[in-house]
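**Student:** In the numbering used here, the protein residues as written are 47 to 275.
Take this structure first; my questions come after.
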């Protein structure tokens, strides 16, 4: 799919947690085109007109199905760029989106007994698949999602929709303050060597979990990571 620039407008801003925002965009000139699991670059420079050198931007996973009219991302305020987003973006603000990038679900994987592992906002690239009609083709998919506490699980509506698309879908929410952190040994014991594993979250978690799966004997061809940051 060809990378294109889209002029977009902020339709909604939601914040159920301090410093965490979900933005909804609609395209001004043409419909967004992307595949589940892909990501975008967002530029918020008011002076940029769509031509010339691409301005400063940041990457975010698209968490909506490509079939949706609107596009959503979630971000946590961590650095200067996201602080600027928090300060400047309002409902009605115009931005530029450059997309799509990535091939998380495009590399070819077994859709039987697929295991999705996420830490924090690492769940967002999965949501674009979970809420897409193509998710019905997965057999016995399972999600292990880690959060600091229950307040950080702001994805219940999307996961509820996923369950209506695929009734075989199993969701394991792990809350650090109550359950401890995600345990890759336990995840492996419950799913074994024949499953395909997707890992998305903090870079250190991705690295450690992938190495553990390889040590357990899972083939590298069955491990997929979301490491574009």
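Glycine included, every Cβ here is placed at the ideal spot set by N, Cα and C.
None of these values were measured; they are calculated from a predicted model.
I'd like to confirm the pairing. Which residues does DSSP put opposite residue 145 in its beta bridges?
**Tutor:** Position 99 of the chain shown, counted from the first residue, corresponds to residue 145. In DSSP, residue 145 forms a bridge with 50.
**Student:** Let me check understanding here. Comparing Cα to Cα, which of 180, 221 and 162 lies closest to residue 269?
**Tutor:** As a first step, residue 269 is located in the chain shown; it is residue number 223 there, counting from the start. Nearest option by C-alpha distance: 162.
**Student:** Give the single residue among 209, 211 and 168 whose Cα lies nearest to the Cα of residue 248.
**Tutor:** Locating residue 248 in the chain shown gives position 202, counting from the first residue. Residue 248 has its Cα closest to that of 168, out of 209, 211 and 168.
**Student:** Going by Cα to Cα distance, which pick from 80, 101, 48 and 138 is closest to residue 59?
**Tutor:** Indexing the chain shown from 1 puts residue 59 at position 13. Comparing Cα positions, the closest option is 138.
**Student:** Quickly, what does DSSP pair residue 270 with across the bridge? List them, please.
**Tutor:** Start at 1 with the first residue of the chain shown, and residue 270 comes out as number 224. Residue 270 pairs with 244.
**Student:** Spell out the partners DSSP gives residue 219 in its beta bridges.
**Tutor:** The residue you call residue 219 lines up with position 173 of the chain shown. DSSP lists 191 as partners of residue 219.
**Student:** Taking Cβ to Cβ, would you say residue 192 is nearer than 8 Å to residue 164?
**Tutor:** If you number the chain shown from 1, residue 192 lands on position 146. If you number the chain shown from 1, residue 164 lands on position 118. Cβ distance < 8 Å, so residue 192 and residue 164 count as in contact.
**Student:** Buried or exposed: residue 77, going by 16 or more other Cβ atoms within 10 Å of its Cβ?
**Tutor:** Here residue 77 corresponds to residue number 31 of the chain shown, with the count starting at 1. Label assigned to residue 77: exposed.
**Student:** In chain order, what residues of the same chain have a beta carbon less than 8 Å from the beta carbon of residue 260, not counting five sequence neighbours either side?
**Tutor:** Here the question's residue 260 lines up with position 214 in the chain shown. Only 266 and 269 meet the Cβ criterion.
**Student:** Output the distance between the C-alpha atoms of residue 294 and residue 273, rounded to the nearest integer angstrom.
**Tutor:** Since the first residue of the chain shown is 47 and the last is 275, residue 294 is not available in this structure.
**Student:** Would you check if the stretch 83 to 98 and the stretch 138 to 156 touch, i.e. whether three or more CB-CB distances between them fall below 8 Å?
**Tutor:** Because the criterion of three Cβ pairs below 8 Å is met, the stretch 138 to 156 and the stretch 83 to 98 touch.
**Student:** Since residue 208 is in the beta strand (DSSP E), which residue starts that stretch and which ends it?
**Tutor:** As a working note, residue 208 is residue 162 in the chain shown. Segment 202 to 211 is the alpha helix (DSSP H) holding residue 208; no beta strand (DSSP E) there.
**Student:** For residue 68, which three-state DSSP category applies?
**Tutor:** In the chain shown, residue 68 corresponds to position 22, counting from 1. Here residue 68 sits in strand by DSSP.
**Student:** If you draw a straight line from the alpha carbon of residue 275 to that of residue 127, how long is it in whole angstroms?
**Tutor:** As a position in the chain shown, residue 275 is number 229, starting the count at 1. As a position in the chain shown, residue 127 is number 81, starting the count at 1. With a pLDDT of only 48 at residue 275, under the threshold of 50, the placement of this residue in the model should not be trusted; the figure read from the coordinates follows. So the two alpha carbons sit approximately 14 Å from each other.
**Student:** Using DSSP with H/G/I as helix, E/B as strand and the rest coil, what is residue 275?
**Tutor:** Locating residue 275 in the chain shown gives position 229, counting from the first residue. Residue confidence is low: residue 275 scores 48 on pLDDT, short of 50, so the model does not pin down where it sits. Its coordinate-derived value is still stated next. DSSP places residue 275 in coil when its eight states are reduced to three.
**Student:** Below 8 Å on the Cβ atoms is my guess for residue 157 versus residue 113; work out the distance and round it to an integer in Å.
**Tutor:** For the purposes of this step, residue 157 is taken as residue 111 along the chain shown, with counting starting at 1. For the purposes of this step, residue 113 is taken as residue 67 along the chain shown, with counting starting at 1. Rounded, the Cβ-Cβ distance is 18 Å, inconsistent with contact.
**Student:** Take residue 171 as the anchor and find which of 54, 217, 257 and 118 has the nearest alpha-carbon.
**Tutor:** Translated into positions along the chain shown, residue 171 becomes position 125. Among 54, 217, 257 and 118, the Cα nearest to that of residue 171 is on 118.
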